[in-house]
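Chain order of the listed sequences is A and B. Residues 101 to 339 (this note's numbering) make up the first sequence, in order. Residues 101 to 339 (this note's numbering) make up the second sequence, in order. For every residue, glycine included, the Cβ atom is placed at its ideal position computed from N, Cα and C. Because the structure is a prediction, the values reported are computed rather than measured. Right, one structure below, let's go through it.
There are 2 protein chains.
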Amino acid sequence: MLSRNELKYIQSLCQKKQREAERLFLAEGVKLVEELLHSEFSVRHIYALDSWQEQQSTVPVTRITEAELQKISNLQTPNQVLAIVAQPDPGPLPALEGQLSLVLDGIQDPGNLGTIIRIADWFGITQIIASTDTVEWFNPKVVQATMGSIIRVKSWYLDLPDFLQQVSVPVWGALLAGENVYTTAPISEGLLVIGNESKGIRAPILPLIQHPVTIPRKGQAESLNAGVATGILLSHLAR
Amino acid sequence: MLSRNELKYIQSLCQKKQREAERLFLAEGVKLVEELLHSEFSVRHIYALDSWQEQQSTVPVTRITEAELQKISNLQTPNQVLAIVAQPDPGPLPALEGQLSLVLDGIQDPGNLGTIIRIADWFGITQIIASTDTVEWFNPKVVQATMGSIIRVKSWYLDLPDFLQQVSVPVWGALLAGENVYTTAPISEGLLVIGNESKGIRAPILPLIQHPVTIPRKGQAESLNAGVATGILLSHLAR
């Protein structure tokens, strides 16, 4: 049974402002919630149908009805369980040496960000540095689109021009004109910058790209979706 | 000014049943509608704000208000113009020799289908054969997600097992286990089968795949989005 205050509180966490103030986020569905319970993330409270089998004992569980789940869910088809989870502290800026990290310049679409996090996880990339205007990491649509990869990939939201001016590792960037990615050697250390969906990599960042790379086009589409482009580039550069 | 009957009629075209009965679809936005007007597609009627500049003379244009556009638009942010367009007749089954075509086994998400059409267009693939249960080609979300590529890529919805049993070109398929796509030679002729988002390529199709190919995984994500996987595979196989 969900109290009126609980309902209001969970619904308030659908707003970015409230998520940031409380340092919490919402995660839904049997698979994701169980992965979170077995991770280092701190799950604070679970709201679940009776059909959801409790696999743990430390997190408080409130049993709710399907109608109540419908009210608090962000999914079209709610899936048994919703968790309130603490946003982990990303800690200080990570070491960039000896690995490939992704840099996102203003990705706006939550589905695209979620897809990019999932792709990073597929290719073993665990660090993403995002411009401060990139869509919020813990937006419910981002969280769900990562299909659990949000557990394994960490984010730092930074002033990008400032950050890129200070790094000592090489900087690649996805551009419509650049070196053919099919003949570019895999990257063992550095950053790959992915641009905004419609504007690409923005003007203040461009001079900081040392190695522009591009995906050759054989047909007539003007561009590729940001997530698809990230996947293609990493399949060539992060083998 | 939009009459009550026109409003009802356009809204009815948001339903698949009605689109198929009328052999029509809806397309929105300045760029897409102008591309359609300059293509072989038959645009039947245009509904536009006064701000939309008419570039043609043969298609009837009804001027409408922003409030009216809001009522007929499928977009979150309507963009000046909506067109009613005839669904082109795909004609007989295409020749498969001498080129790479895509085959979709039950893609369900309109955004994924639209993204795959856009990727096909980027790599110069103009033919897609889809299972009869693949999401409808002219679903408004598919049309918008193609970013204009729907003009250049043709579709045939067929009984896939039946179709694949009869083809004489080689058949590749995207699977979690198969030949490493990084070391597979580019394909000059044949079919590449992409499976359903959660089930992958389904059981009746599996025996008809002669060349399973896979994208090696370095990290921990369980799978890749169907569109992203299509993009990665084509970047290696359709260079």
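**Q.** Three-state secondary structure (DSSP) of residue 336 of chain A
**A.** The residue you call residue 336 of chain A lines up with position 236 of the first sequence. Correct three-state label for residue 336 of chain A: helix.
**Q.** As assigned by DSSP and simplified to three states, the class of residue 118 of chain A
**A.** Residue 118 of chain A sits at position 18 when you count from the first residue of the first sequence. Residue 118 of chain A falls in the helix class under three-state DSSP.
Q: Could you tell me which chain A residues have their CB closer than 7 Å to the CB of residue 328 of chain B, listed as they occur along the chain?
A: In the second sequence, residue 328 of chain B corresponds to position 228, counting from 1. Correct list: 215, 219, 327, 328, 331.
Q. Buried or exposed: residue 246 of chain B, going by 16 or more other Cβ atoms within 10 Å of its Cβ?
A. Here residue 246 of chain B corresponds to residue number 146 of the second sequence, with the count starting at 1. Label assigned to residue 246 of chain B: buried.
Q. Among A/121, A/181, A/217, A/141, which has the Cα closest to the Cα of residue 321 of chain B?
A. As a first step, residue 321 of chain B must be located in the second sequence, where it is residue number 221. Checked all of A/121, A/181, A/217, A/141; the closest Cα to residue 321 of chain B is A/217.
Q | Where residue 129 of chain A sits in the DSSP three-state scheme | A | Residue mapping note: residue 129 of chain A aligns to position 29 of the first sequence, counting from 1. Residue 129 of chain A falls in the coil class under three-state DSSP.
Q: Compare the C-beta of residue 164 of chain B with all C-beta atoms of chain A and state if any pair is closer than 9 Å.
A: Counted from its first residue, the second sequence places residue 164 of chain B at position 64. Not an interface residue.
Q. Can you tell which of A/255, A/338, A/317, A/337 has its C-alpha closest to the C-alpha of residue 334 of chain B?
A. Residue mapping note: residue 334 of chain B aligns to position 234 of the second sequence, counting from 1. When only C-alpha atoms are compared, the closest one is A/317.
Q.
Helix, strand or coil for residue 144 of chain B? Go by DSSP, reduced to three states.
A. Position 44 of the second sequence holds residue 144 of chain B. If DSSP states are grouped into helix, strand and coil, residue 144 of chain B belongs with the strands.
**Q.** chain A within 9 Å of residue 225 of chain B, Cβ atoms only
**A.** Sequence index remark: in the second sequence, residue 225 of chain B carries index 125 (1-based). With 9 Å as the cut-off, residue 225 of chain B counts as an interface residue toward chain A.
Q. Under three-state DSSP, which class holds residue 220 of chain B?
A. Taking the first residue of the second sequence as 1, we reach residue 220 of chain B at position 120. Residue state, collapsed to three classes: helix.
Q. How far does the beta strand (DSSP E) with residue 163 of chain A in it reach, from first residue to last?
A. What you label residue 163 of chain A is simply residue 63 of the first sequence in a count that begins at 1. Unbroken beta strand (DSSP E) run through residue 163 of chain A: 161-163.
(Q) Please report the straight-line C-alpha distance between residue 159 of chain A and residue 187 of chain A, rounded to a whole angstrom. (A) By one-based count along the first sequence, residue 159 of chain A stands at place 59. By one-based count along the first sequence, residue 187 of chain A stands at place 87. Rounded to whole angstroms, residue 159 of chain A to residue 187 of chain A spans 16 Å at the Cα level.
(Q) When you compare the CB of residue 255 of chain B with every CB in chain A, is at least one pair closer than 9 Å? (A) What you label residue 255 of chain B is simply residue 155 of the second sequence in a count that begins at 1. Output row for residue 255 of chain B: interface = no.
Q: Check whether the stretch 270-279 of chain A touches the stretch 249-257 of chain A, taking contact to mean three or more Cβ pairs, one atom from each stretch, closer than 8 Å.
A: no
Q: State the CB to CB distance for the pair residue 148 of chain B and residue 172 of chain B, rounded to an integer number of angstroms; the pair is presumed to be in contact (CB under 8 Å).
A: Within the second sequence, the letter at position 48 stands for residue 148 of chain B. Within the second sequence, the letter at position 72 stands for residue 172 of chain B. 11 Å between Cβ atoms; not a contact.
Q: Please classify residue 193 of chain B: does DSSP put it in a helix, a strand, or coil?
A: By 1-based counting over the second sequence, the position of residue 193 of chain B is 93. Residue 193 of chain B falls in the coil class under three-state DSSP.
Q: Could you have a look at residue 199 of chain B and say whether DSSP puts it in helix, strand or coil?
A: Residue 199 of chain B sits at position 99 when you count from the first residue of the second sequence. DSSP places residue 199 of chain B in coil when its eight states are reduced to three.
Q.
Taking the alpha-carbon of residue 170 of chain B as reference, which of B/289, B/268, B/124, B/129 has the nearest alpha-carbon?
A. For this step, residue 170 of chain B is matched to residue 70 along the second sequence. Checked all of B/289, B/268, B/124, B/129; the closest Cα to residue 170 of chain B is B/129.
Q: Going by CA-CA distance only, name the one from B/304, B/101, B/127, B/102 that's closest to residue 113 of chain B.
A: Start at 1 with the first residue of the second sequence, and residue 113 of chain B comes out as number 13. Ranking B/304, B/101, B/127, B/102 by Cα distance to residue 113 of chain B puts B/127 first.
Q: Answer with yes or no whether the minimum CB distance from residue 281 of chain A to chain B is below 9 Å.
A: In the first sequence, the residue the question calls residue 281 of chain A occupies position 181. Cβ-Cβ to chain B under 9 Å: yes for residue 281 of chain A.
(Q) Using only the alpha-carbon positions, how far apart do residue 344 of chain B and residue 140 of chain B sit? (A) The structure shown has nothing for residue 344 of chain B, since chain B only spans 101 to 339.
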